[in-house]
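Numbers 1 to 65, taken from UniProt numbering, label the letters of the sequence shown in order.
First up is the structure itself, then whatever we jot down about it.
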Amino acid sequence: MDGKELEVELKDYENHGVIIRLSGRLITAHNISKHLCVKDGGEYMRDYVFEGGKLKEIRFDWITE
């Protein structure tokens with residue numbers, strides 16, 4: 001998935017009220033897509049956080065293994 005596809009996907013989540021975090025910090029779909037495309041020496045893993053059966057947050061956490 002390229003940066004533009006990721007931005008479109010995450011923007012849709014944002015428009016539905018889903019919070020996006022990168023290493024614990026709030027971030028916009030536009031900024032995270034730029035950041036993730038420049039990564040080096042590891043990867044970010046998505047963690048989906050649900051509350052009451054509804055998606056509330058997507059957290060991107062840095063992993064090295």
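The beta carbon of each residue, even a glycine, is placed where N, CA and C say it ideally should be.
Keep in mind that this is a model prediction, so the values were computed, not measured.
- Item | isoleucine 32 - DSSP class collapsed to helix/strand/coil | Stepping through the sequence shown from its first residue, residue 32 is reached at position 32. Correct three-state label for isoleucine 32: helix.
- Item | Range of the contiguous beta strand (DSSP E) that encloses aspartate 61 | In the sequence shown, residue 61 corresponds to position 61, counting from 1. Judged by DSSP secondary structure, aspartate 61 falls within the beta strand (DSSP E) whose first and last residues are 54-63.
- Item | Assigned exposure category for phenylalanine 50 - 16 Cβ within 10 Å defines buried | Taking the sequence shown and counting its residues from 1, the one referred to as residue 50 is at position 50. By the Cβ neighbour-count rule, phenylalanine 50 is exposed, with fewer than 16 other Cβ atoms within 10 Å of its own.
- Query: What's the gap between the Cα of lysine 4 and the Cα of lysine 34?
  - Reply: Within the sequence shown, numbered from 1, the residue matching residue 4 stands at position 4. Within the sequence shown, numbered from 1, the residue matching residue 34 stands at position 34. Going from the Cα of lysine 4 to the Cα of lysine 34 covers about 9 angstroms.
- Query: Smallest Cα separation from asparagine 23: which of Lys11, Lys54, Asp47?
  - Reply: Counting from one through the sequence shown, the residue named residue 23 turns up at place 23. The amino acid at residue 23 is misidentified as asparagine; the sequence shows serine. Among Lys11, Lys54, Asp47, the Cα nearest to that of serine 23 belongs to Asp47.
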